[in-house]
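In the numbering used here, the protein residues as written are 16 to 179.
Here's what the structure looks like:
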């Protein structure tokens with residue numbers, strides 16, 4: 016290697032900090048920041064408001080743990096908690112069974128319309144969960160729903176009551 020070649024190699028400058036950043040990483044970073052802000056701001060607000068009593072008239076809001084004491088000691092909360100646990104457990108088990116069945120059918124058999132099953136498995140990820148919730152509420156409505164009354168109008172004792 017000659018003296019000129021070695022001096023040329025040494026004079027090559029490293030690119031600046033902004034020259035090393037690629038545009039796609041800036042876009043990804045901006046998207047993560049925006050989604051993070053859109054998710055964290057309401058969550059922080061909700062958490063903050065859970066420690067405050069509401070301001071009513073001339074009475075100012077005060078910091079308190081009373082909301083948590085009430086929620087954790089009130090006896091009427093227990094049936095709600097039980098219903099939530101039963102619903103979450105049932106939904107998870109049903110989703111596991113159906114998802115396993117479709118995954119097995121799609122991957123291990125020569126089922127016709129494999130692509131249709133694949134596409135159908137993606138649909139719940141695309142449709143917002145609030146749409147599913149509202150549709151179930153409307154379907155179970157005694158006035159406008161299409162759910163059979165025997166399924167949707169059961170009171171706590173298991174007897175059917177028609178709302179009217």
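Where a beta carbon is used, it is the ideal one built from N, C-alpha and C, also for glycine.
A distance below 8 Å between beta-carbons, with the five flanking residues on each side excluded, links residue 79 to the following residues of its chain, in chain order: 66, 67 and 68.
Within the same chain, Cβ atoms closer than 7 Å to the Cβ of residue 136 are found at 117, the five residues on either side in sequence being excluded.
Going by DSSP, residue 128 is part of no alpha helix (DSSP H) at all; its letter is neither H nor E. Taking C-beta atoms as the reference points, residue 145 and residue 153 fail to come closer than 8 Å. In the three-state reduction of the DSSP assignment, residue 36 falls in the coil class.
If only uninterrupted beta strand (DSSP E) runs of at least 3 residues are considered, none is enclosed by the region 67-114. Residue 140 sits away from residue 132, with the two beta carbons spaced by 8 Å or more. A direct Cα-Cα distance of roughly 36 Å separates residue 60 from residue 114. Following the DSSP letters along the chain, one finds residue 142 in no alpha helix (DSSP H), marked with neither H nor E.
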